[in-house]
Every structure is written in structure tokens, then in C-alpha cells.
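Structure, as C-alpha cells:
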Amino acid sequence: MTVCSAAVGLVDPLGPRGQPALALGIGAVVAGWLAVRENVLVRTQVLVVALITSVVEVAATRWLSLWDYRLGNLPVYLPALHAVIFLTVVVVARSLPPWLPRRLLLGCALAGVGLWAGWQLLLSERTDTVGVLWFLVLLALCRHRETADRIPAIVVVTVPHDVMATGTGMVAYRSHDVTGLLSVAAQPSAIVGGYALIYYFASLMVPTVLSLWRRCTSRLPAS
């Protein structure tokens with residue numbers, strides 16, 4: 052995860068010529084890991100996450116005007132990078148020692164995000180109303196067991212990545228959305244809730260995707 056994120060910062064200045072190479076490199080890492088280490092459920096979740104995040108990136112940059120990329124366009128490596136982020140979350144979540152209390156970890160993660168959202172709403176130079184809304188979404192997602200188990204890992208993985216992305220100037224968040232009703236901080240806490248919601252939808256969609264895949268492949272003529 053760290054290597055891939057650092058590579059983004061190195062290749063990004065190369066512009067459109069460097070992006071396909073980075074996308075292929077990250078994609079090869081993800082494909083190799085999935086082929087060797089993961090089962091069909093995780094593989095499918097990774098593909099669904101890459102698809103959903105691609106749609107979110109287009110909507111957030113083109114329609115809602117929530118953030119911009121330094122090059123002014125959507126980098127082609129984004130689907131592969133989001134696949135790496137999700138895969139890292141999965142690995143971190145299941146690698147936690149069994150003696151660590153899961154409820155305590157979840158409580159600490161929620162407390163951290165809640166304090167972050169509250170500070171940005173009340174004390175930050177750029178008031179962030181989006182963060183509070185997404186924190187409420189994060190609380191609601193705790194009712195889903197798999198997502199709740201992943202929330203501490205989501206915080207540990209996505210927050211440093213986003214801090215690095217904004218710190219290096221790869222991504223810049225706008226102060227308001229296109230409607231002018233929602234304010235956004237320069238480093239919004241909403242990213243945690245956003246990632247959690249995407250991973251939640253991916254978990255829900257996997258059984259349907261696998262069922263459709265098996266139904267389609269069963270109709271193919273045997274070789």
C-alpha cells in the first residue's frame with residue numbers, strides 16, 4: 052500500500068504518459084495477490100469496489116465538484132489504486148491479533164473520527180458540514196458486522212493515504228460542493244465514512260454478482 056501510494060506521487064508529474072504505466076503496475080500487484088492469496092469472495096469484492104469507486108470519482112469531480120486532481124483529469128490509475136486500498140483494509144482487518152478486543156478498537160476508531168468531524172465543524176478554519184453527515188453514516192454502518200469489523204482498518208489505511216495525497220498536492224478538496232450548501236474541510240473526515248459505505252455496498256453486491264456470473268457461465272457450451 053505504501054509503495055503504491057508513493058509511486059503515485061512519482062508518476063503523477065509525468066502526466067498522461069506515466070499514468071497507464073502506473074495503472075498496469077498497480078493492477079499487476081493486485082492481480083498477483085488475488086490469484087495467490089485470496090478466495091473468490093474477496094476477488095469479487097475487489098472488482099466491485101474498483102467499479103463503485105470509479106463511479107464515485109466521476110460523480111464527485113465532474114458533477115458535485117467536491118475535489119480536483121492536480122492534472123485536471125481523472126487519473127487512469129484510480130481503479131487499480133482503490134483496489135489496493137480495499138485489499139489492504141481486508142488484510143489489515145483479518146491480521147489483527149485475536150486477543151485484541153474488537154469492540155474497543157471500533158470504539159477508538161469511531162471516537163477518533165467523531166472528534167475529527169466535530170473539530171472541523173466547530174473549530175476548523177474551513178467549516179466542514181460533510182464530515183458530520185458522513186460520521187452519522189459511519190455509525191449506522193456499525194450495524195453491519197463485516198463493515199464494523201473493518202472500520203478500524205479503514206481508519207488506519209485510508210486516513211494516512213488521504214493525508215499524503217492532499218499534502219503532496221495530488222488532490223485538492225473544494226470548500227463547497229456545486230450547490231454551495233455543503234462545506235468541506237481541506238482534509239475532510241468524511242473520507243472514512245465514504246470508504247466504509249462503498250465497502251458495505253460491495254459486500255451486499257457480491258452474492259448477486261457471483262450468482263449472475265455462475266448463471267451466465269453455466270449457459271456457455273462445454274469445451
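Numbering of the sequence shown is given in the working numbering, commencing with residue 52 and proceeding in unit increments.
The beta-carbon is built from N, C-alpha and C at its ideal position, and this holds for glycine as well.
### Task
Determine the DSSP secondary structure at residue 237, reduced to helix, strand or coil.
It is coil, neither helix nor strand.
#### Entry: 8 Å Cβ shell around residue 209 - same chain, five flanking residues per side excluded
Beyond the five residues adjoining it in sequence on each side, residue 209 comes within less than 8 Å, by CB distance, of 136, 140, 242, 243, 246 in the same chain, given in chain order.
### Query
How many Å lie between residue 89 and residue 232 at the Cα?
Going by C-alpha positions, residue 89 is about 42 Å away from residue 232.
### Task
Please report the residue range of the alpha helix (DSSP H) in which residue 167 lies.
DSSP places residue 167 inside the alpha helix (DSSP H), whose first and last residues are 153-173.
### Endpoints, the beta strand (DSSP E) within which residue 111 is located
Following the DSSP letters along the chain, one finds residue 111 in no beta strand (DSSP E), marked with neither H nor E.
### Query
Do residue 85 and residue 94 come within 8 Å of each other at the CB atom, strictly closer than that value?
A contact, by the Cβ cut-off of 8 Å.
### Task
Kindly give me the distance between the Cβ atoms of residue 172 and residue 183, rounded to whole angstroms, as I take these residues to be in contact under 8 Å.
By a beta-carbon distance limit of 8 Å, residue 172 contacts residue 183. Their separation comes to about 5 Å.
### Task
With DSSP as the reference, label residue 119 as helix, strand or coil.
In this structure, residue 119 counts as strand in the three-state DSSP scheme.
### Message
Can you tell me which residues form a DSSP beta bridge with residue 223?
### Response
Beta-bridge pairing links residue 223 to 119.
### Task
For residue 214, name the three-state secondary structure that DSSP assigns.
The three-state reading of DSSP puts residue 214 in helix, counting H, G and I together.
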